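S.K.: Below is one structure. I have some questions about it.
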Amino acid sequence: MTKIAVFASGGGSNLQSLLDAQAAGLFKGRVVLVFSNVPGAKALERAEAVGVEAVALASKGFQGNREDYDRQVLGICQAKGVDLICLAGYMRILTPALIQPYLYKMLNIHPALLPKFGGEGMYGHHVHEAVIKAKETESGATVHFVTEGVDAGPILLQGSVKVYPNDTPETLAEKVLKVEHLLYPEAVRLFCEGKVKVEGGRVKVLP
Ligand code: GRF
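Following this note's numbering, the numbering of the sequence shown begins with 3 at its first residue and continues without gaps.
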């Protein structure tokens, strides 16, 4: 049984989709930890509501550098025997202290079709604003492995939505989020079934 930690800094609707998918038996894994860098984040409440351990370590005012912070987070994950980390709206850029021990065992969901509209500064409404400004006719969501380049790791799954001329960042965000809620549980299912391999920097999904 794959032990999963979900990291979230905000509302946690993707966390909820994973918890719901787990309850529906969609994947052979168990969320054993929800972690946030923001004490009081709604995601923590969602975890507690279903009896999942919720841990917060405030990044604001943390005494130490980013690596020190990530080393503490690593310790928390290792103590719970976490096999897979799912970033779901976790608003921090990670350091190698956490990325390396969980290389190809850490996923992120991004609200665009990477490699387009990714990288530093491309988060939340910034992404959807940029998509509309670029007059794209298609956007979507991407689940990818976390490596040291921001939003640059091997892509596991993507789902697309149409962008219409009358779309606003808000309407686009809503459509993309719906796709995210289907995509992330499916990515976790594939991972938990051991069907995901990374070879030469590319994801291979086994039949
Ligand atoms: C999602 O749009 C996700 O793609 C991005 O952050 C957002 C998190 O939303 N990484 P929520 O907290 O899961 O509702």
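We treat Cβ as the ideally placed atom computed from N, Cα and C, and that holds for glycine. Just so you know, these numbers come straight off a predicted model, no measurement behind them.
(1) Applying the 10 Å Cβ sphere with the 16-neighbour rule, what's the burial state of residue 48?
(2) Verify the contact flag: residue 113, CB atom, against every heavy atom of the ligand GRF, threshold strictly below 7 Å.
(3) Using the C-alpha atoms, what's the distance from residue 100 back to residue 153?
(4) Could you pull out every residue in the same chain whose Cβ sits closer than 8 Å to the Cβ of residue 50, ignoring the five residues on either side in sequence?
(5) Which term fits residue 170, buried or exposed, when burial requires 16 or more other beta carbons within 10 angstroms of its beta carbon?
(6) Based on Cα-Cα distance, which residue from 18, 203, 148 lies nearest to residue 104?
(7) Using a 10 Å radius around the Cβ and a threshold of 16 neighbouring Cβ atoms, would you call residue 182 buried or exposed?
(8) How is residue 77 classed by DSSP in three states: helix, strand or coil?
(9) Is residue 109 near the ligand GRF, going by C-beta to nearest heavy atom under 7 Å?
(10) Short of 6 Å in beta carbon distance, which residues of its chain neighbour residue 162, apart from the five on each side in sequence? Order them along the chain.
(11) What are the boundary residues of the beta strand (DSSP E) that residue 47 is part of?
(12) What did DSSP end up calling residue 129 once you bin it into helix, strand or coil?
(13) Within this structure, are the beta carbons of residue 70 and residue 4 separated by less than 8 Å?
(14) Do residue 90 and residue 17 have their CB atoms nearer than 8 Å?
(15) Contact check, residue 7 vs residue 43 under 8 Å by CB: the rounded distance?
(16) Ignoring anything shorter than 4 residues or poking outside the region 117-162, list the alpha helix (DSSP H) runs there in chain order.
(17) Using the beta-carbon count (16 or more within 10 Å), is residue 95 buried or exposed?
(18) Could you give the first and the last residue of the continuous alpha helix (DSSP H) run that contains residue 35?
(19) Rounded to a whole number of angstroms, what is the C-alpha to C-alpha distance between residue 77 and residue 37?
(20) With a threshold of 7 Å on Cβ separation, who are the neighbours of residue 150 within its own chain once the five nearest residues in sequence on each side are excluded?
(21) Excluding the five sequence neighbours on either side, which residues of its own chain have a C-beta within less than 6 Å of the C-beta of residue 204, listed in chain order?
(22) Measuring only from the beta carbon, is residue 53 closer than 7 Å to any heavy atom that is part of the ligand GRF?
M.R.: Concretely, from the data shown:
(1) By the 10 Å Cβ count, residue 48 comes out buried.
(2) At least one heavy atom of the ligand GRF is found less than 7 Å from the C-beta of residue 113.
(3) Taken atom to atom, the span from the alpha-carbon of residue 153 to that of residue 100 is near 16 Å.
(4) Answer for residue 50: 56, listed in chain order.
(5) The residue in question, residue 170, is exposed, as its Cβ has fewer than 16 Cβ neighbours within 10 Å.
(6) Distances from the alpha-carbon of residue 104 to those of 18, 203, 148 put 148 closest.
(7) The residue in question, residue 182, is buried, as its Cβ has 16 or more Cβ neighbours within 10 Å.
(8) Here residue 77 sits in helix by DSSP.
(9) Residue 109: no, Cβ never under 7 Å from the ligand GRF.
(10) Within the same chain, and ignoring the five residues on either side of residue 162 in sequence, the residues whose Cβ sits closer than 6 Å to its Cβ are 140, 142.
(11) Careful: residue 47 lies outside any beta strand (DSSP E), inside the alpha helix (DSSP H) at 44-51.
(12) Note: residue 129 maps to helix in three-state DSSP.
(13) Cβ distance not < 8 Å, so residue 70 and residue 4 don't count as in contact.
(14) Against a cut-off of 8 Å, the Cβ pair of residue 17 and residue 90 comes out as a contact.
(15) Contact flag wrong, Cβ pair sits at about 15 Å.
(16) For the region 117-162, whole alpha helix (DSSP H) runs of length 4 or above, ordered along the chain, are 127-135.
(17) An exposed status is given to residue 95, since fewer than 16 other beta-carbon atoms sit within 10 Å of its beta-carbon.
(18) Residue 35 -> not in any alpha helix (DSSP H); beta strand (DSSP E) instead, spanning 31-38.
(19) Cα to Cα, residue 77 sits roughly 12 Å from residue 37.
(20) Once the five neighbours on either side are set aside, the close Cβ partners of residue 150 are 98, 101.
(21) Cβ within range, chain order: 156.
(22) Residue 53 has its Cβ no nearer than 7 Å to any heavy atom of the ligand GRF.
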